[in-house]
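Per the working numbering: the sequence shown ends with 303, consecutive numbering throughout. Structure, as structure tokens:
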Amino acid sequence: DLRDEPGPLLAGVSAFGITGTNAHVVLEEAERGVESGPETERARVLPVSAHSAQALQELLAAYRRQVEAGSDSLEDVCYTAAVRRNHHEFRTAVVSSNRAELIERLEAAVHGEAAEGVVTGRASASAPRVVFLAPGQGSQWPGMARELYEMEPAFRAAFDACDGAIAQETGWSLREGLLSAGAEEFLTQIDTIQPALFAMSVALAAVWRAWGVEPDAVAGHSMGEVAAAHLAGVLSLADAAAVICRRSRLMKTLQTSGGMATVDLSLKETEVLLAARPGLSVAASNGPST
């Protein structure tokens, strides 16, 4: 036992290659007694899996005891469960923002009780097919993209590429408009809304792909078809940006003093209501109840 020796422990690791190449690495003991910083209040996912339902319940109980003991940070527990363990057929995912919440939800999962942030299921024998759907008009909101732009390198790179392509067509910066304090006003004009939504779809798809999620198919609704065409490799980024920017610019020239409203009704129900209201008509039927 070398613990009584002063200073950190050192160890040498040698490797002798079959071709005669030798390597030697000196490892030094990590510093002890360093306190980690306070745990931040942000969502974390703890994925737990086992070969059987009984084994899953026992593992969930073991995780609850580990988290309750408080010897490991939540980041370490969730990270290790996600990327350092095999993932088996019987699965539970627990989403929480702090230690107390995780303990409470793990307790519910151990007893098979329904609880917010707890999802249980079984892995499919085959990988599920994935579809990327780019949305159309109406999916914008103030402040969108800010957090992803700051935190996700894949999102930021794709968004900046879209910003450059859009600037070539319009002369203005999407990044400055969408990520600024005046984003709410920026998203009131159709010729800025549509390029913004296009860039969001392209950048979000880049995030999924960076995480290893590749689509089996890509679809777009309304103006989302332009982003879908680019994501599917049909249009280059420059061509797709040209389509969406020129499309929105032409649509702005057709604007009148009228307006549109979205209603949660079927086409038939809406037409009945509008029959007695001259001047109003159905502009688009986007779904069975929209």
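Just so it is clear, CB atoms sit at the ideal spot from N, CA and C, and this is done for glycine as well.
For residue i, count neighbouring Cβ atoms within 10 angstroms of its own Cβ and tell me buried if that reaches 16, exposed if not.
| i | result |
| --- | --- |
| Ile179 | buried |
| His124 | exposed |
| Tyr76 | buried |
| Arg118 | buried |
| Arg142 | exposed |
| Ala36 | exposed |
| His64 | exposed |
| Leu23 | exposed |
| Gly83 | exposed |
| Thr201 | exposed |
| Met164 | exposed |
| Gly237 | buried |
| Pro208 | buried |
| Asp14 | Unreliable placement is indicated for Asp14, whose pLDDT of 48 sits below 50; no coordinate value is reported for it. |
| Gln153 | buried |
| Ser3 | Because residue 3 is not part of the residues shown, which for the chain are 14 to 303, the question remains open. |
| Ala288 | exposed |
Kindly indicate which residue of the options has the alpha-carbon position closest to the one of residue i.
| i | options | result |
| --- | --- | --- |
| Met157 | Arg78, Val132, Leu191 | Leu191 |
| Gln67 | His234, Thr105, Gln202, Asp252 | Thr105 |
| Arg260 | Ser65, Gln150, Val220, Ala297 | Gln150 |
| Val239 | Cys175, Arg112, Leu69 | Cys175 |
| Gly20 | Ser249, Glu41, Val256 | Glu41 |
| Ser214 | Glu120, Ala241, Gln181, Ser110 | Ala241 |
| Ala128 | Ala136, Glu114, Ser139, Ala138 | Glu114 |
| Leu73 | Gly25, Val38, Val132 | Val132 |
| Glu182 | Leu267, Val256, Val285, Thr32 | Val256 |
| Ala194 | Glu227, Glu102, Pro155 | Pro155 |
| Ser302 | Arg290, Leu278, Leu286, Ala289 | Leu278 |
| Arg140 | Met273, Val226, Gly272 | Correcting the residue identity first, residue 140 is Ala in this sequence and not Arg. Checking every option, the nearest Cα to that of Ala140 belongs to Val226. |
| Val310 | Thr32, Ala28, Glu44 | Lying before the first or after the last residue shown, residue 310 is absent from the chain, which here runs from 14 to 303. |
| Gly272 | Leu293, Leu244, Val26 | Leu293 |
| Ala56 | Glu126, Trp221, Glu88 | Glu88 |
Looking only at its chain, what residues have a beta carbon closer than 6 Å to the beta carbon of residue i, apart from the 5 residues adjacent to it on each side?
| i | result |
| --- | --- |
| Ala95 | Pro60 |
| Glu146 | As written in the sequence, residue 146 is Leu, which differs from the Glu given in the question. Ala232, listed in sequence order. |
| Val47 | Caution is warranted here: a pLDDT of 47 is assigned to Val47, below 50, making its placement in the model unreliable, and no coordinate value can be reported. |
| Arg188 | Asp176 |
| Ala216 | Phe168, Ala171, Phe172 |
| Ala251 | Ala178 |
| Leu161 | Phe168 |
| Val26 | Val38 |
So the alpha helix (DSSP H) residue i belongs to, where does it begin and stop?
| i | result |
| --- | --- |
| Ser261 | 250-266 |
| Leu161 | 159-164 |
| Glu41 | Unbroken run through Glu41 is the beta strand (DSSP E), 35-41; no alpha helix (DSSP H). |
| Ala196 | 196-199 |
| Ser214 | 203-223 |
| Thr283 | 280-287 |
| Ile114 | Per the sequence shown, residue 114 should be read as Glu rather than Ile. Segment 112-123, the alpha helix (DSSP H) holding Glu114. |
| Val239 | 237-244 |
| Arg188 | 187-191 |
Residues in the same chain with beta-carbon distance under 8 Å from residue i, minus the five sequence neighbours each way, listed in chain order, please.
| i | result |
| --- | --- |
| Val58 | Cys91, Ala95, Ala106, Val107, Val108 |
| His234 | Leu146, Ala147, Pro148, Gly149, Asn299 |
| Gly246 | none |
| Val144 | Pro228, Asp229, Ala230, Val231, Ala232 |
| Leu206 | Reading off the sequence shown, one finds Ile at residue 206, where the question assumed Leu. Within the same chain, Ile206 has close Cβ partners Gln150, Gln153, Leu200, Ser261. |
| Arg290 | none |
Would you give the residue range spanned by the beta strand (DSSP E) that residue i belongs to?
| i | result |
| --- | --- |
| Val58 | 57-63 |
| Arg104 | 103-109 |
| Val131 | 131-135 |
| Ser27 | 23-29 |
| Val231 | 230-233 |
| Leu293 | Segment: none, Leu293 is in no beta strand (DSSP E) and carries neither H nor E. |
| Ala147 | 144-147 |
Going by beta carbon distance, what residues of the same chain come within less than 7 Å of residue i, once the five residues before and after it are set aside?
| i | result |
| --- | --- |
| Thr283 | Val276, Val295 |
| Cys258 | Ile179, Glu182, Thr183, Pro208 |
| Glu197 | Pro155 |
Can you tell me the Cβ-Cβ gap for residue i and residue j, rounded? I've got them flagged as a contact below 8 Å.
| i | j | result |
| --- | --- | --- |
| Ala167 | Ala223 | 4 Å |
| Asp204 | Lys265 | 5 Å |
| Asn54 | Asn111 | Position check: residue 54 holds Glu in this sequence, whereas Asn was assumed. Confirmed, about 6 Å. |
| Ala171 | Ala121 | That belief does not hold up - the Cβ atoms of Ala171 and Ala121 are roughly 38 Å apart, past 8 Å. |
| Glu81 | Arg135 | Actually they are not in contact, since the Cβ atoms of Glu81 and Arg135 sit about 27 Å apart, beyond 8 Å. |
Kindly say whether residue i, judged by its beta-carbon, lies nearer than 7 Å to any beta-carbon of chain D.
| i | result |
| --- | --- |
| Glu284 | In the displayed structure, chain D is absent; only one protein chain is listed. |
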